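**Student:** Could you have a look at this structure, given as structure tokens, before my questions?
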Amino acid sequence: MNDILLIVHFIGFVLGFAGGIATAITMRAAAGASADGAAALRRLPPIFANVSFAGLVLLWVTGLILIWSAFGGPQNLPGLFWLKIVFVLILTALAIGQHVIYGRIKRGAASAQMVGMLKKLGPASGLSALLALIVAVFVFH
1 MNDILLIVHF
11 IGFVLGFAGG
21 IATAITMRAA
31 AGASADGAAA
41 LRRLPPIFAN
51 VSFAGLVLLW
61 VTGLILIWSA
71 FGGPQNLPGL
81 FWLKIVFVLI
91 LTALAIGQHV
101 IYGRIKRGAA
111 SAQMVGMLKK
121 LGPASGLSAL
131 LALIVAVFVF
141 H
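Those letters in the sequence shown? Residues 1 to 141, per our numbering, in order.
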């Protein structure tokens, strides 16, 4: 059962990174596209954010289950694990922030400030996810 949970955990990780990478590629393509093409491309990042968020939810659900099923509870995890959790919490907060901003934009409250925030939240999310992965390698290797 833990193998299946770990597979689903990794699928969540892949979904998270895939959404972020797809958003970055799409926004770069939109910057060089015609007005109509850019408008069409800019509709995709909120969809990719949903893909990433679904991956993050899978990570949380399977991760919490694995803490108990594979390790017997959080008391049995090394201290470095908690650094990984810090990066995951940062990632979660950034992902929620992105969803809030996309929701405001969808309701017609788009502003240059919101777009600027999205341009910062995306890379910060990617960095948090990457740092969580690097720490996880050291924790579980």
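Cβ atoms here follow ideal geometry from the backbone N, Cα and C, with glycine treated the same way.
Bear in mind the structure is a predicted one, so any value in this text is a computation, not a measurement.
Could you give the distance in angstroms between the alpha-carbon of V135 and the alpha-carbon of L91?
**Tutor:** So the alpha carbons of these two residues sit roughly 14 Å apart.
**Student:** Considering only residues of the same chain and omitting the five flanking positions on each side of L41, which have a CB-CB separation below 7 Å?
**Tutor:** Cβ neighbours of L41 beyond the five flanking positions: T26, A29, A30 and A33.
**Student:** Looking at the unbroken alpha helix (DSSP H) that takes in G171, where does it start and where does it end?
**Tutor:** With the chain covering 1 to 141 only, the question about residue 171 has no answer from this structure.
**Student:** Could you work out which residue in L121, G55, L77 and Y102 is closest to I11 when comparing CA atoms only?
**Tutor:** It is G55.
**Student:** Measuring only the C-alpha atoms, how far is V14 from A124?
**Tutor:** V14 and A124: Cα-Cα distance of roughly 17 Å.
**Student:** Using CA coordinates, which residue listed in K84, V139 and F53 is at the minimum distance from A18?
**Tutor:** Nearest of K84, V139 and F53 to A18, Cα basis: F53.
**Student:** Would you kindly work out how many angstroms separate the C-alpha atoms of L66 and M1, rounded to a whole number?
**Tutor:** So the alpha carbons of these two residues sit roughly 10 Å apart.
**Student:** On the three-state DSSP scale, how would you describe L80?
**Tutor:** Helix at L80.
**Student:** I think A49 touches Q113, with their Cβ atoms under 8 Å apart; what is that distance to the nearest whole Å?
**Tutor:** Wrong, their Cβ atoms sit about 18 Å apart, outside the cutoff.
**Student:** State the DSSP-derived secondary structure class of S34, mapped to helix, strand or coil.
**Tutor:** Reduced to three states, the DSSP call for S34 is coil.
**Student:** Cα-Cα, which of L5, L83, G37 and K120 is closest to A95?
**Tutor:** Checked all of L5, L83, G37 and K120; the closest Cα to A95 is K120.
**Student:** Mind reading off the beta-carbon distance from A132 to F71? Whole number of angstroms is fine, and I expect it under 8 Å.
**Tutor:** Actually they are not in contact, since the Cβ atoms of A132 and F71 sit about 17 Å apart, beyond 8 Å.
**Student:** Using CA coordinates, which residue listed in L83, P45 and F140 is at the minimum distance from I101?
**Tutor:** Residue P45 is the option with its Cα nearest to I101.
**Student:** Is DSSP giving H99 helix, strand or coil here?
**Tutor:** Of the three classes helix, strand and coil, the one that applies to H99 here is helix, per DSSP.
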